[in-house]
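Colleague: Residue numbers for the sequence shown follow the numbering used here, so the first one is 2 and each next one is one higher. This is the structure I have questions about; it appears just below.
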Amino acid sequence: KFFKDGLEAMIGPSVDLLFANESEAMGMAGSDNLEDAITYLKTRSRQFAVTLGPKGALIWDGTKLIEIAPTPVKAVDTVGAGDMFAGAFLYGLTQGWDHARAGRLASKASAHLVTAFGPRISAAQAQTLLQGI
Numbered sequence: 002k003f004f005k006d007g008l009e010a011m012i013g014p015s016v017d018l019l020f021a022n023e024s025e026a027m028g029m030a031g032s033d034n035l036e037d038a039i040t041y042l043k044t045r046s047r048q049f050a051v052t053l054g055p056k057g058a059l060i061w062d063g064t065k066l067i068e069i070a071p072t073p074v075k076a077v078d079t080v081g082a083g084d085m086f087a088g089a090f091l092y093g094l095t096q097g098w099d100h101a102r103a104g105r106l107a108s109k110a111s112a113h114l115v116t117a118f119g120p121r122i123s124a125a126q127a128q129t130l131l132q133g134i
């Protein structure tokens with residue numbers, strides 16, 4: 002709630018791609034209901050991803066809502082998980098992948114990140130994550 006006015010002033014009437022976690026999405030919508038938040042975000046962003054922590058993610062590709070299954074792990078440090086999700090998702094899009102495939106990579110990468118302390122993974126770990134996506 003505390004950032005809604007500032008965010009709306011910054012993005013104007015619409016933005017191309019928005020990333021938010023579940024509580025941020027509901028805060029932007031002024032609701033405690035995720036479905037209301039999704040409806041609101043569709044009016045403010047052409048595409049978006051809402052991360053749901055251990056419940057996966059929801060991605061709006063501009064025409065359909067895509068559910069991204071979680072990658073089950075034991076989280077020890079969530080610092081950087083949202084940034085990792087966004088970075089991996091954007092990597093996938095720049096490779097020409099569809100939103101579902103990019104979302105699967107993002108889920109896998111952010112899940113891997115939270116299994117250890119620190120906000121980074123190695124180049125070798127990144128290459129391993131790309132396999133099977």
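C-beta: ideal position from N, C-alpha, C; glycine also.
Let me check understanding here. Comparing Cα to Cα, which of Q48, V74 and T64 lies closest to L18?
Modeller: Looking at the Cα atoms, Q48 is the closest of the given residues.
Colleague: For V77, which option in A89, S111 and T52 has the closest C-alpha, if you only look at C-alpha atoms?
Modeller: Among A89, S111 and T52, the Cα nearest to that of V77 belongs to S111.
Colleague: By Cβ distance, which residues of its chain are closer than 8 Å to T52, with the 5 residues on each side in sequence left out?
Modeller: Around T52: F20, A21, N22, E23, A58, A82, G83, F86 and S111.
Colleague: Secondary structure at L106, three-state DSSP: helix, strand or coil?
Modeller: Reduced to three states, the DSSP call for L106 is helix.
Colleague: Helix, strand or coil, according to DSSP, for Q96 in the structure here?
Modeller: DSSP places Q96 in coil when its eight states are reduced to three.
Colleague: Relative to the C-alpha of A103, which candidate in I67, A124 and K75 has its C-alpha closest?
Modeller: Minimum Cα distance to A103 is reached at I67.
Colleague: Can you tell me whether DSSP reads R121 as helix, strand or coil?
Modeller: Note: R121 maps to coil in three-state DSSP.
Colleague: So the candidates are S32, S46, V74 and Q128; which of them puts its Cα closest to the Cα of Y139?
Modeller: Absent from the model: residue 139. The displayed extent of the chain is 2 to 134, so no value can be given.
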